[in-house]
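Participant: Encoded as structure tokens, here's the structure I'll be asking about.
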Amino acid sequence: MANSKRTLFLKRRMRVRNKIKGVTANQGRARLSVHRSNKNISVQLIDDVKGVTIASASSLEKALGVVGKNNIEAATKVGAAIAERAKKAGIEVAYFDRGGFLFHGKVKALAEAAREGGLKI
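With numbering that gives the first Met the number 0, the residue at position 91 of the sequence shown is 90, and numbering never jumps.
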């Protein structure tokens, strides 16, 4: 029986997340978690040891000027915003958790913008 698209996505997400959580717990690094929907893109900086969100950014924020957009331009602005907020929180290094999303297009643009903003991924 063929796996559905959703089942494959969930398997990918759990595989990526379990690898990252195993490493972050040992080294105490934060995790940069990305979620992409059809209309928006959002990202969170998570401390897995404490189980808290340190910083977040989303294309839903009016200050970024990309409300309701889900394109590479919006992903770039969200990536730059999370890098700036991570610096304010004192975070310089994080692991990139792409979830079940493939690392290309919007997800890649977000990661590159965060790197250019000074966040080491």
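C-beta atoms are modelled at their ideal positions from N, C-alpha and C, and glycine is treated no differently. Please read all numbers here as calculations on a predicted model, not as lab measurements.
#1: Evaluate residue 48 with the Cβ neighbour count: other Cβ atoms within 10 Å of its Cβ, from every protein chain shown; 16 or more gives buried, anything less gives exposed.
#2: Tell me residue 42's beta-bridge partners as DSSP assigns them.
#3: Residue 45 and residue 69 - do their beta-carbons sit closer together than 9 Å?
#4: Quick one, are the C-beta atoms of residue 75 and residue 112 less than 9 Å apart?
#5: Rounded to a whole number of angstroms, what is the C-alpha to C-alpha distance between residue 115 and residue 33?
#6: Would residue 31 and residue 102 be called neighbours here (beta carbons separated by less than 9 Å)?
Facilitator: Once the coordinates are examined:
#1: The count along the sequence shown starts at 1 and reaches residue 48 at position 49. By the beta-carbon neighbour count (other beta carbons within 10 angstroms, threshold 16), residue 48 is exposed.
#2: The sequence position of residue 42 within the sequence shown is 43, counting from 1. Partner(s): 33, 56.
#3: As a first step, residue 69 is located in the sequence shown; it is residue number 70 there, counting from the start. As a first step, residue 45 is located in the sequence shown; it is residue number 46 there, counting from the start. In this structure, residue 45 does not lie closer than 9 Å to residue 69 by Cβ.
#4: On the sequence shown, residue 75 is found 76 positions in, with the first residue counted as 1. On the sequence shown, residue 112 is found 113 positions in, with the first residue counted as 1. Against a cut-off of 9 Å, the Cβ pair of residue 112 and residue 75 comes out as a contact.
#5: Looking up residue 115 in the sequence shown gives position 116. Looking up residue 33 in the sequence shown gives position 34. If I take the Cα positions, the gap works out to 17 Å.
#6: In the sequence shown, counting from the first residue as 1, residue 31 sits at position 32. In the sequence shown, counting from the first residue as 1, residue 102 sits at position 103. Inclusion of residue 31 and residue 102 in the CB contact set at 9 Å is not warranted, their separation being larger than that value.
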